[in-house]
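*Asks:* These protein sequence lines map, in sequence, to chains P and A. Under the UniProt record's numbering, the first residue of the first sequence is numbered 1, with each subsequent residue one higher. Under the UniProt record's numbering, the first residue of the second sequence is numbered 1, with each subsequent residue one higher. Even glycine gets a Cβ: it sits at the ideal position worked out from N, Cα and C. Note that the coordinates shown come from a computational prediction; the quantities given were computed from them, not determined experimentally.
There are 2 protein chains.
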Amino acid sequence: MSSTGEQHLDLRRNLIYLLKHAHFRIAELTTEALEPFGIDARELGVLLALAGREPKSQQQAAQHLGIDRTTMVAKLDGLEAKGLVSRHPDANDRRRNVVELTDTGRETLRKATIASTQAEQDFLASLTPQAAESLRRSLRSLVAPPDTGD
Amino acid sequence: MSSTGEQHLDLRRNLIYLLKHAHFRIAELTTEALEPFGIDARELGVLLALAGREPKSQQQAAQHLGIDRTTMVAKLDGLEAKGLVSRHPDANDRRRNVVELTDTGRETLRKATIASTQAEQDFLASLTPQAAESLRRSLRSLVAPPDTGD
DNA sequence: TATTGTTATACTCTATAACTATA
DNA sequence: TATAGTTATAGAGTATAACAATA
Chain P
1 MSSTGEQHLD
11 LRRNLIYLLK
21 HAHFRIAELT
31 TEALEPFGID
41 ARELGVLLAL
51 AGREPKSQQQ
61 AAQHLGIDRT
71 TMVAKLDGLE
81 AKGLVSRHPD
91 ANDRRRNVVE
101 LTDTGRETLR
111 KATIASTQAE
121 QDFLASLTPQ
131 AAESLRRSLR
141 SLVAPPDTGD
Chain A
1 MSSTGEQHLD
11 LRRNLIYLLK
21 HAHFRIAELT
31 TEALEPFGID
41 ARELGVLLAL
51 AGREPKSQQQ
61 AAQHLGIDRT
71 TMVAKLDGLE
81 AKGLVSRHPD
91 ANDRRRNVVE
101 LTDTGRETLR
111 KATIASTQAE
121 QDFLASLTPQ
131 AAESLRRSLR
141 SLVAPPDTGD
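#1: Need the endpoints of the alpha helix (DSSP H) that LEU8 of chain P sits in, please.
#2: Taking 7 Å as the CB-CB cut-off, is ILE67 of chain A touching chain P?
#3: Compute the beta-carbon to beta-carbon distance between LEU19 of chain P and LEU142 of chain A, rounded to the nearest angstrom, for a pair I have assumed lies under 8 Å.
#4: Taking all protein chains shown into account, decide if GLN121 of chain A is buried (16 or more other Cβ within 10 angstroms of its Cβ) or exposed.
#5: Measuring only the C-alpha atoms, how far is ARG69 of chain P from ASP93 of chain A?
#6: Is any beta-carbon of chain A found at less than 7 Å from that of GLY78 of chain P?
#7: With 9 Å as the limit, tell me which residues of the region 2-35 of chain P have their beta carbon closer than that to any beta carbon of chain A; keep them in chain order.
#8: Can you pull the chain A residues whose beta carbon is under 8 Å from the beta carbon of ALA91 of chain P, in chain order?
#9: Give a yes or no on whether 7 Å exceeds the smallest Cβ distance from VAL143 of chain A to chain P.
#10: So, is GLU43 of chain A buried or exposed, given that buried needs 16 or more other C-beta atoms within 10 angstroms?
#11: What would DSSP say about LYS111 of chain A, mapped onto helix, strand or coil?
#12: On the CB-based measure, 16 or more other CB atoms within 10 Å of its CB, does GLN130 of chain P come out buried or exposed?
#13: State yes or no: is the beta carbon of GLY45 of chain A nearer than 7 Å to at least one beta carbon in chain P?
#14: According to DSSP, simplified to helix, strand and coil, what is LYS82 of chain A?
#15: Going by DSSP, name the residue or residues bridged to PRO89 of chain P.
#16: Do THR102 of chain P and PHE37 of chain P have their beta-carbon atoms positioned less than 7 Å apart in this structure?
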């Protein structure tokens, strides 16, 4: 702690580096854990975004996830092909597609979430429960709630 | 906390989602903060990796950063073109390039690190100092020290 | 034979622009 | 005119394979 601005020239204290690698590793672990369910970590994210407040239009789901609507198209194509989601034109606004989880999708989400939660716990195993909860809480407040309910 | 396995079907508690978006945002903030110095957040990472224990071969630097050696080539091409690093064949093993920061590179790193640290502090501003330090410490232990000093 | 740096190539992820159908 | 979904396309960023020089 010098007063002259010694700025710890240490890669391993760099937040970008830490967050990038932490993300990479949990994504890797989760992808492995989800393998039996036929979806990857990204697809779980889409299912979670949809499960929040159905029914949703594609665009609403995309905003919730923080991805582009054009990206959402491809994700939903894949999930629909697997029978996990269904798309129907919105009766009130036929430009929109209402996206819903199928029964299979809901069941897959349930099981995949259990596996994903286990992967997270494995990932966080070296932390105390308090530190793990603090980490999650801090990240939540940093990311800020994209709680656009419309 | 139900005992039946209610697995919080909430995207915003999902670690991958949180880490991905946290990474995205700090990378964005840092890139802005580094703009005056002519480097981006990734290039700062490379400079930091090099500054650790010079002199280093390209491959050692790449391993330290956790990127492929072929990726390192392009990064160093850019940094060399900007006059921030220099490459010389290793006298003891002429297959290797020893990569070092130039004086300009060292000075750029110094200033960029100050700006980057400020960006991190801005990013973490909503956390208590304790929570911020806990976050960094937890992330460090999760990422694990790639302290291959050779 | 193995390794370092390099190049060519391909793959993934994502966004921008343009098209269509609806509003 | 504007919006939702779609498609085509292009741009990052990265890794794999193959090559030259060196060990």
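*Replies:* Judging by the given coordinates:
#1: Reading the sequence as shown, one finds His at residue 8 of chain P and not Leu. Premise fails: HIS8 of chain P is in no alpha helix (DSSP H) and is neither H nor E.
#2: no
#3: Wrong, their Cβ atoms sit about 10 Å apart, outside the cutoff.
#4: exposed
#5: 52 Å
#6: no
#7: GLY5, GLN7, HIS8, LEU9, ASP10, LEU11, ARG12, ARG13, ASN14, LEU15, ILE16, TYR17, LEU18, LEU19, LYS20, HIS21, ALA22, HIS23, PHE24, ARG25, ILE26, ALA27 and THR30
#8: The contacting residues do not exist; ALA91 of chain P stays about 26 Å from chain A at best.
#9: yes
#10: buried
#11: helix
#12: exposed
#13: yes
#14: coil
#15: P:ASN97
#16: no
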